[in-house]
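S.K.:
Here you go:
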């Protein structure tokens, strides 16, 4: 944590009192929280400083340690961002018990979703990452002896330690009792039972679906006295930011003109008159020639608004 604190306070304008780093190695090993609260007096420099802070957090993050932070800063287009499932729900009971039913071995199933630090992966790279994660899980279970506990956060830390991984979502549960909570330590009910790997389902994200928007807006209110170019530029920035932020929370059931119009938000400066878009599946290099094609995102897919062109009237 010292290296991380030193790196953040090396940014001009960031004081010791602006940084808070929290760690609980007992309850949540492999997890560090970083809170950054900058003074509003920094003005426009605040956005630049926060961007530097995000880069430094990733650069100085210890291998196998996940860092959760409160920084909302733009990221380079080529990099992925952690999804919303970055921490298991809090619960006062840290463990569940697995009953092998009188058998020596307790099969444990795993469902793991990985998020790569790079948005676009080739199929070969994706398959290799999934194979590597499967081996990490197998080794994790093999390491446990008779009567030993499978520590949830230990597995998370090991998966986070893989090269190129920015986030993981892990579920583990007894194969014979899938209704058990899946984000806790798993303890064999009998000290004479050994956990073994059952089904291991590992997947790396999904497809990156890139959308380019072409929008016409009608000025209204005070914007009628504002140059069209100014309104166009401001609207493009607002719509791009608003839509990509929405995608981080949830994806629309279907990409369509209506769903994108709804996600673009509203403004007292303009109304959206027309909206057109094109779609590209970046991983496979496929660009749909049909304009305004309806697309249904699959499980694990990501949507990204790459370009917004706005013409104001």
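In the working numbering, the protein residues as written are 569 to 881.
Heads up, the beta-carbon is just placed ideally off N, CA and C, and yes, glycines get one too.
Values in this document were obtained by computation on a predicted structure and should not be read as measured data.
(1) Please state whether DSSP places residue 684 in a helix, a strand or coil.
(2) Which residue comes first and which comes last in the beta strand (DSSP E) that contains residue 875?
(3) For the pair the segment 717-725 and the segment 746-756, tell me if three or more CB-CB distances fall below 8 Å.
(4) For the beta strand (DSSP E) that residue 776 lies in, which residues bound it at each end?
(5) Taking the alpha-carbon of residue 731 as reference, which of 701, 807, 621 and 777 has the nearest alpha-carbon?
(6) My guess is that residue 604 and residue 639 are in contact by the Cβ rule of under 8 Å, so how many angstroms apart are they, rounded?
(7) Shortest alpha-carbon distance to residue 663 belongs to which of 623, 589 and 742?
(8) Can you pull the DSSP bridge partners for residue 637?
(9) Which residues in the same chain as residue 839 place their Cβ atom closer than 8 Å to its Cβ, once the five residues preceding and following it in sequence are excluded?
(10) Suppose only complete runs of 4+ residues qualify. What are the alpha helix (DSSP H) ranges in the segment 681-722, listed by chain order?
(11) What residue from 777, 697, 780 and 680 has the CA that sits closest to residue 738's CA?
(12) Looking at C-beta atoms only, is the number of pairs between the segment 796-808 and the segment 869-878 that lie closer than 8 Å three or more?
(13) Can residue 676 and residue 754 be called in contact, C-beta distance under 8 Å?
(14) Kindly list the residues whose CB is nearer than 6 Å to the CB of residue 668, restricted to its own chain and excluding five residues on each side of it in sequence; keep chain order.
(15) Excluding the 5 residues flanking residue 862 on each side, which residues of the same chain have their C-beta closer than 8 Å to its C-beta?
(16) If you follow the beta strand (DSSP E) that residue 588 is part of, which residue opens it and which one closes it?
(17) According to DSSP, which residues form a beta bridge with residue 666?
(18) Residue 708 and residue 769 - do their beta-carbons sit closer together than 8 Å?
M.R.: With the given structure in hand:
(1) On the chain shown, residue 684 is found 116 positions in, with the first residue counted as 1. Residue 684 falls in the strand class under three-state DSSP.
(2) Stepping through the chain shown from its first residue, residue 875 is reached at position 307. Residue 875 -> beta strand (DSSP E) spans 870-880.
(3) yes
(4) Within the chain shown, residue 776 is the residue found at index 208, counting from 1. Taken as a continuous stretch (DSSP letters only), the beta strand (DSSP E) holding residue 776 covers 776-787.
(5) Walking along the chain shown from the start, residue 731 turns up at place 163. Cα-wise, what sits closest to residue 731 is 701.
(6) The residue given as residue 604 occupies position 36 in the chain shown. The residue given as residue 639 occupies position 71 in the chain shown. That belief holds up - the Cβ atoms of residue 604 and residue 639 are roughly 6 Å apart, short of 8 Å.
(7) The residue labelled residue 663 in the question sits at position 95 within the chain shown. Of the candidates 623, 589 and 742, the one whose C-alpha sits nearest the C-alpha of residue 663 is 742.
(8) Translated into positions along the chain shown, residue 637 becomes position 69. Answer is 602, bridged to residue 637.
(9) On the chain shown, position 271 is the one that residue 839 refers to. Excluding positions up to five away in sequence, the list reads 785, 786 and 788.
(10) 691-711
(11) The residue given as residue 738 occupies position 170 in the chain shown. When each option's Cα is compared against that of residue 738, the closest is 680.
(12) yes
(13) The count along the chain shown starts at 1 and reaches residue 676 at position 108. The count along the chain shown starts at 1 and reaches residue 754 at position 186. Result yes, Cβ atoms of residue 676 and residue 754 sit closer than 8 Å.
(14) Position 100 of the chain shown, counted from the first residue, corresponds to residue 668. If we look at residue 668 and ignore the five residues flanking it on each side, its Cβ neighbours are 674 and 761.
(15) One-based indexing of the chain shown puts residue 862 at position 294. Excluding sequence neighbours, residue 862 sits near 822, 823 and 824.
(16) If you number the chain shown from 1, residue 588 lands on position 20. From DSSP, the beta strand (DSSP E) with residue 588 extends over 587-591.
(17) Here residue 666 refers to the residue found at position 98 of the chain shown. In DSSP, residue 666 forms a bridge with 756.
(18) For the purposes of this step, residue 769 is taken as residue 201 along the chain shown, with counting starting at 1. For the purposes of this step, residue 708 is taken as residue 140 along the chain shown, with counting starting at 1. It is not a contact, given that the beta carbons lie outside the stated cut-off.
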